[in-house]
Structure formats: structure tokens, C-alpha cells
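Chemist:
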Amino acid sequence: MSERRGDGWADLSSTELLERARNIACAIRAAGLQGGDRVALIGHNSIDWVATSFGILMSGCIVVPIYPTQAGDITAYILKHSEAKMLVVDTEATLQMLGAAIPVLPRAIVFESKGPFALSTFESDGAKARAADSSLPESYYASLAADDLAILIYTSGTTGNPKGVMLSHDNIAFDAKSSLYGAFAVLTPQDRVLSVLPFSHIYEQTMMFIYFLAKPTYFICHDANELISDLLHVRPNYMTCVPRIFDRLLAGINGNALRAGGIQARLVPWALRTARHWARAKTFGGFNPLLSAQYAVAKRLVLDKVRSRLGLDAMKFFSSGSAALHVDVAMTYLGLGMPIMQGYGLTETSPVVTVNYPEKNKYGSVGAVIPGVDVSIAADGEVLTRGRHVMLGYYREPEATQAVLSGGWFHTGDIGEVDENGYLTITDRKKEVFKTATGKFVAPARVESAIKRSMFVAQAMVFGDGRPYPGALVCPNWENLRAELELPTDATVDDLAKRDDVKAFYSAEVRKRTADLGSFEQIRRAVVIPREFSVESGELSPSMKVKRRVVESRYAGAIDEFYRSDPKIQSVA
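The sequence shown lines up with residues 0 to 572 when you count with numbering that gives the first Met the number 0.
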């Protein structure tokens with residue numbers, strides 16, 4: 000493993016990682032914890048995080064990962080609900096912040112500290128315990144059963160308190176091995192992988208286990224703000240991402256060209272469009288010699304250079320999950336020479352249920368089931384799944400568990416369909432689909448995915464439950480918009496969001512982006528909001544999912560005005 004430290008990179012071998020984990024396991028038990036006790040782990044991605052997580056598991060205790068960006072009241076709830084006996088955090092600043100928000104904290108250990116609570120001191124205590132008893136820590140985990148609880152991970156939730164998902168050792172091991180022997184069998188010890196998503200997310204945790212099985216060189220990105228510099232250093236062969244990262248990379252490429260001006264402002268967008276059209280023709284049909292010639296020019300003049308300047312020139316493929324990936328985005332990356340394999344899963348399913356395979360990648364779908372997993376579609380279209388990947392249940396919530404588990408089948412809450420070749424397509428979350436006043440059902444994620452293709456859109460949320468037609472809250476990519484409309488540089492985003500030309504621009508943009516959807520899904524106008532949704536504001540969950548009820552409540556006045564200001568509605572009224 001390797002991670003950035005200061006201006007350089009620090010390495011840790013698998014043997015050294017195992018030694019650290021063993022010491023941490025012994026220190027945990029020497030501190031008085033027993034097998035089955037919960038240990039909360041809060042921190043940004045790091046080697047310390049991985050070593051501590053493994054140490055907790057080896058001690059026979061249970062890992063409770065918590066996002067470092069999680070709101071204080073939610074963190075307090077998780078610590079109390081999980082009955083955590085110990086807390087491990089990344090920095091003293093994090094500990095002080097938690098101490099100010101939470102009256103009583105469990106015993107705390109800090110990664111980046113030189114005091115008595117330092118992880119290094121804690122590891123030394125564990126090493127002494129091992130020296131005194133050679134059976135440690137093996138005796139701690141020797142008695143563990145496959146179905147014993149290993150990870151208690153709280154779903155971020157878009158409403159109410161999060162639920163504690165209980166995942167066993169077998170859940171994690173089964174899902175990692177099935178995924179590895181399926182979609183990720185192409186990974187080799189010669190490959191370089193970069194971990195970008197937070198370890199607090201089950202997707203990246205399972206990928207961590209897959210990486211340790213496949214044994215590529217494993218690099219860790221601490222901070223998404225350092226992604227480009229990390230890419231340039233690592234030049235990875237493989238990465239797991241979410242659609243938000245793919246969207247932002249493309250917006251950055253287009254935005255840089257737009258700000259450069261001149262021929263770049265026209266050449267780069269043309270090259271990306273050509274890449275998308277070429278990939279679509281290659282994938283879905285319609286290939287012709289002219290398009291092939293245009294693509295060859297685009298590749299030589301722009302596409303290969305873009306990959307190199309981003310540190311992606313060695314990239315073999317990406318995998319994507321957690322949210323819908325628009326097929327146009329996937330086609331653009333394919334045209335860049337970097338296929339994206341979309342998969343599907345939930346925290347409750349450890350998480351992988353389906354994946355696309357490098358040699359059998361059906362774009363627009365989330366792939367086929369991994370070995371040993373079953374998927375079925377209920378009468379109402381809900382996706383059901385069963386197998387060893389399905390959780391033990393929700394911690395201390397038997398009624399909630401019974402509501403989603405029936406006869407071994409887990410009810411995902413997602414709507415989808417399976418084609419004749421066994422490929423699953425997800426249309427939306429069952430609870431998020433809304434009905435307009437005209438009786439049409441709208442799947443907002445599908446529409447939002449189309450809108451967010453725009454280089455000028457940072458975020459979007461579709462609304463319209465019980466209304467005459469759907470609309471969209473849109474937060475601009477202000478940097479790109481300023482360059483496009485030549486807006487005054489000294490104007491605030493609050494002032495810019497009120498400008499008629501900005502409003503007209505985004506109404507035209509959402510109409511264009513949704514023109515190929517069903518007429519009842521098309522967006523006529525947009526409500527421009529000045530700032531992006533954020534975790535800190537409570538509008539996003541830590542896994543970056545929009546909390547729709549929170550956002551709709553916060554912008555209720557703007558949404559009401561959106562419909563009141565429509566002359567067509569006024570004339571009907």
C-alpha cells in the first residue's frame with residue numbers, strides 16, 4: 000500500500016500491514032474490550048484506517064465505520080445506538096469537534112497524535128501484549144464463526160435516523176470473492192489501483208478486500224481535492240468511482256478548454272462529442288468510415304493528450320456504482336479509451352449484486368449477477384435479491400428488518416427489469432418515483448442524470464410530485480458558466496442566480512438535455528440556485544445522495560413561485 004505524506008509517498012508492505020493489525024487487535028483486547036464489542040472508526044482514507052479496521056476484526060470486535068463528514072448529531076446517534084466501547088479517529092481536531100458536540104465519548108485513540116491517545120502508542124501496547132502471550136491475536140479470532148457480525152455500517156439515509164446494517168464475516172468474504180472471480184478477475188499483481196471513495200462506504204470497503212485478494216499495488220487518495228495530482232503520480236490501471244466523479248472530470252476538461260479560448264474552446268468539445276458518437280456507433284450500431292476518420296483525428300489531436308494530462312493514460316477500465324450513470328457519459332469515456340463497468344448493490348447486500356464484465360459490458364445496464372447471487376423482479380417491478388451477500392438484518396430494529404427480508408429475499412426498494420441475457424437495468428428508487436397532477440409517474444434519477452451531462456450543471460434535483468409537470472433545481476458550475484456567458488467576475492453567485500440571462504440559459508439547457516426523454520419527463524424550465532447541495536447543509540447524505548425532502552422543504556418558496564409564474568398555469572386557474 001502507498002499513500003501521500005507531505006510532498007512524498009509512504010509505502011507499507013502487506014507483511015507490515017498485518018503486523019500492525021495484529022498489534023492493534025491485541026491493544027484493543029488489552030484495553031478491556033471483549034469479542035463482539037463495537038469499535039467506531041472515523042477518518043479519511045489512510046493506511047492507518049486500513050490497519051485499524053483489520054485490527055478490530057482480528058480482535059473479534061466489530062467495526063463501526065462513520066463518515067468523517069457526518070453531522071455531529073448523527074455521529075452521536077450512531078455511537079449511542081451501536082453502543083460503541085471505543086472510538087478511533089484520524090486527528091485531534093476531529094476528536095475535539097466530536098467532544099464539543101457529544102457530551103460523553105467512548106475511550107478514544109487518534110491516528111495523528113503524539114500524546115497518550117496516539118495510535119502509535121496504542122500499537123506499542125499491543126506489541127507488548129503479544130510478546131507476553133504468543134497465542135495472540137490468533138486466539139481472539141480462532142473462535143469466530145462465518146455468520147458472526149463483522150461490520151456494523153449505518154446507511155446514510157435520506158430521511159430519519161440511519162439504520163445499522165449488520166454484515167457478517169461471510170457476507171463480506173463471499174461478496175468480495177464472488178466479485179473478484181467474476182468482474183475483477185482481470186486484476187493482476189502488476190496493476191496499479193487508486194482508492195478514491197471513502198472507506199466508510201461499503202462499496203470501497205469491499206473493493207479493499209478485493210484488492211487484497213488480487214494483490215495489485217494499492218494507492219490511497221486521502222482527499223478528493225488531490226485527485227488529479229494523485230492520478231498523475233499513480234497513473235492507475237483501475238479505479239472505482241461514482242458518477243459524480245465522472246461528471247466532474249468531463250466538466251473540468253470542457254471548462255478548461257472554454258477558459259483557454261481560441262481554437263481549444265471549439266476543438267476539445269468537438270473531440271469529446273466525436274468520441275461519444277464513435278463509441279455509440281461501435282456499441283449500438285451505425286458505424287461509418289467518415290466517423291472513423293473523424294475519431295482518428297480527435298484521438299490524435301485531443302483525446303490521447305487529455306488522458307495523459309489527467310494521469311489516465313494507463314487506465315484499463317473503471318467501475319461505477321452508488322448512483323445512475325448516464326449512457327452518454329459512459330460512451331464519452333469509452334471513446335476516450337476508458338470503459339466504465341457499471342454495477343449495482345446496496346449496503347444491505349455487502350454491497351455487490353450485479354456487475355458488468357470487461358468482455359461483456361452492456362451499457363445502460365448495471366450488469367449480470369455475480370456468482371452465487373439470485374435476483375428476481377417482483378410484480379410491482381421491485382428488484383429482489385437473495386444469497387450469502389444479504390445482511391443479517393438491521394441492528395436493534397427487528398420490525399425494519401422484517402419489512403425488507405421475506406423468505407430469504409431482500410427487497411431493495413429499487414425498480415428494475417432483467418433482460419433475456421440476465422442483465423439488470425435500474426430505473427429508479429421505488430420511494431422516489433412521484434406522480435404528477437396529470438397522473439404520469441416520473442423517475443427523478445433518470446431525468447437528473449440527463450441534466451447533469453451538461454458541463455454547466457454542478458447539481459440538479461427534479462421535483463413535481465402532485466404538480467402539473469416536473470421542474471428542476473439546478474446549481475450551476477459557476478466557473479464554466481462565467482466563461483461561457485462572460486459574466487462579471489466581481490458578481491456574487493447570489494446575484495448571478497437572479498439574472499434573467501442566467502435563468503434563461505438554464506431553462507434552455509435543461510430542455511436540451513431532457514429532449515430525448517418521454518414528454519412527461521421533459522423539463523421545461525429550471526430554478527437556478529446559487530450554491531451546491533452539501534453534507535454540511537444537511538442536503539446531502541455522506542454518500543452524496545440528495546435528501547429530497549430536506550431540499551424540497553428548503554426551496555419550497557422557490558418551487559411554489561416556479562409554478563405560480565407559469566402563464567399557462569395562471570390562464571388555467
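For every residue, glycine included, the Cβ atom is placed at its ideal position computed from N, Cα and C.
Between the alpha carbons of Ser585 and Ser119, how many angstroms are there, rounded?
Modeler: The question about residue 585 has no answer here: the residues shown for the chain are numbered 0 through 572.
Chemist: For the candidate residues Ser552, Ser540, Ile558, whose alpha-carbon lies nearest to that of Asn160?
Modeler: For the residues Ser552, Ser540, Ile558, the minimum Cα distance to Asn160 belongs to Ser540.
Chemist: Per DSSP, what are the beta-bridge partners of Phe409 in this structure?
Modeler: According to DSSP, Phe409 bridges with Thr384, Leu404.
Chemist: How would you call Ile450, buried or exposed, if buried means at least 16 neighbouring beta carbons within 10 angstroms?
Modeler: It counts as buried.
Chemist: Between the C-alpha atoms of Ser564 and Phe440, what's the straight-line distance to the nearest angstrom?
Modeler: If you take the alpha carbons of Ser564 and Phe440, they lie about 24 Å apart.
Chemist: Secondary structure at Glu485, three-state DSSP: helix, strand or coil?
Modeler: If DSSP states are grouped into helix, strand and coil, Glu485 belongs with coil.
Chemist: What are the boundary residues of the beta strand (DSSP E) that includes Asp472?
Modeler: Here the sequence assigns Leu to residue 472, which means Asp is not the residue at that position. First-last of the beta strand (DSSP E) with Leu472: 470-475.
Chemist: Can you tell me whether DSSP reads Lys434 as helix, strand or coil?
Modeler: Of the three classes helix, strand and coil, the one that applies to Lys434 here is strand, per DSSP.
Chemist: I'd like to confirm the pairing. Which residues does DSSP put opposite Val185 in its beta bridges?
Modeler: Paired residues: none, contrary to the question.
Chemist: Roughly how many whole angstroms lie between the Cα atoms of Val526 and Val305?
Modeler: For Val526 and Val305, the distance between alpha carbons rounds to 33 Å.
Chemist: Given a cut-off of 7 Å, decide if Leu226 and Gly310 are closer than it, judged by their beta-carbon atoms.
Modeler: It is not a contact, given that the beta carbons lie outside the stated cut-off.
Chemist: I'd like to know if the stretch 40-59 and the stretch 350-366 are in contact, where contact means that at least 3 CB-CB pairs between them fall below 8 Å.
Modeler: At 8 Å Cβ cutoff, the stretches do not touch.
Chemist: Return yes when the Cβ of Ile23 is within less than 7 Å of the Cβ of Gly54, no when it is not.
Modeler: Yes. Within cutoff.
Chemist: Quick check on the DSSP output: the beta strand (DSSP E) that includes Ala83 runs from which residue to which?
Modeler: Ala83 -> beta strand (DSSP E) spans 83-90.
Chemist: Report buried or exposed for Arg19, applying the criterion of at least 16 other Cβ atoms within 10 angstroms of its Cβ.
Modeler: It is buried - the Cβ of Arg19 has at least 16 other Cβ atoms within 10 Å.
Chemist: Between Ser155 and the rest of its own chain, which residues show a CB-CB distance below 7 Å, the 5 nearest in sequence each way excluded?
Modeler: Within the same chain, Ser155 has close Cβ partners Pro161, Ser540, Pro541, Ser542, Lys544.
Chemist: Could you tell me the distance, in whole angstroms, from the CA atom of Ala9 to the CA atom of Phe116?
Modeler: Distance between the alpha carbons of Ala9 and Phe116: 23 Å.
Chemist: With Cys60 as the anchor, note down where its alpha helix (DSSP H) starts and where it stops.
Modeler: Element bounds for Cys60: n/a, residue is neither H nor E.
Chemist: Tell me the start and end of each unbroken alpha helix (DSSP H) in the stretch 317-374 that is at least 4 residues and wholly inside, in chain order.
Modeler: Taking only runs of at least 4 residues, the alpha helix (DSSP H) segments lying wholly in the stretch 317-374 are 326-334.
Chemist: Taking three-plus beta-carbon pairs below 8 Å as touching, is the stretch 69-78 in contact with the stretch 121-138?
Modeler: Verdict: no, contact absent.
Chemist: So what does DSSP say about Ala263, is it helix, strand or coil?
Modeler: Rather than Ala, the amino acid found at residue 263 in this sequence is Gln. It is helical.
Chemist: Let me confirm a value: Phe283 is counted as buried when at least 16 other C-beta atoms fall within 10 Å, else exposed. Which label applies?
Modeler: Exposed, by the Cβ-count rule.
Chemist: Report the option in Pro288, Gly285, Leu271, Arg279 whose CA atom is closest to the CA atom of Val301.
Modeler: Taking only the C-alpha atoms, the option nearest Val301 is Leu271.
Chemist: Helix, strand or coil, according to DSSP, for Pro566 in the structure here?
Modeler: DSSP places Pro566 in helix when its eight states are reduced to three.
Chemist: How would you label Asp418, buried or exposed, when you count the other beta carbons within 10 angstroms and need 16 or more for buried?
Modeler: Asp418 comes out exposed.
Chemist: Alpha helix (DSSP H) containing Arg548: first to last residue?
Modeler: Looking at the DSSP string, the run of the alpha helix (DSSP H) that includes Arg548 is 547-553.
Chemist: Under three-state DSSP, which class holds Pro64?
Modeler: It is a strand residue.
Chemist: Are at least three pairs of beta-carbons, each pair with one atom in the stretch 188-206 and one in the stretch 61-70, less than 8 Å apart?
Modeler: At 8 Å Cβ cutoff, the stretches touch.
Chemist: Quick one, are the C-beta atoms of Ser453 and Ala323 less than 7 Å apart?
Modeler: Result no, Cβ atoms of Ser453 and Ala323 do not sit closer than 7 Å.
Chemist: Leaving out the 5 sequence neighbours to the left and right, which residues in its chain are closer than 7 Å to Arg466 when beta-carbon positions are compared?
Modeler: Closer than 7 Å at the Cβ level, and outside the excluded window around Arg466, lie Thr435, Ala436, Tyr562.
Chemist: Inspect the beta-carbon positions of Glu520 and Ala457 and report whether they are closer than 7 Å.
Modeler: Going by C-beta atoms, Glu520 is not nearer than 7 Å to Ala457.
Chemist: Determine the burial state of Arg187: buried for a count of at least 16 other Cβ atoms within 10 Å of its Cβ, exposed for fewer.
Modeler: Rather than Arg, the amino acid found at residue 187 in this sequence is Thr. The residue in question, Thr187, is exposed, as its Cβ has fewer than 16 Cβ neighbours within 10 Å.
Chemist: Report the partner residues of Gly415 according to the DSSP bridge assignment.
Modeler: In the DSSP output, where bridge partners are listed per residue, Gly415 has Ile425.
Chemist: Bridge partners of Thr216, per DSSP?
Modeler: Arg191, per the DSSP bridge assignment.
Chemist: Given a cut-off of 7 Å, decide if Lys429 and Gly613 are closer than it, judged by their beta-carbon atoms.
Modeler: Because the chain here runs from 0 to 572, residue 613 falls outside it and cannot be looked at.
Chemist: In whole angstroms, give me the CA-to-CA distance for Ser112 and Gln204.
Modeler: Near 25 Å, if we compare the C-alpha coordinates of Gln204 and Ser112.
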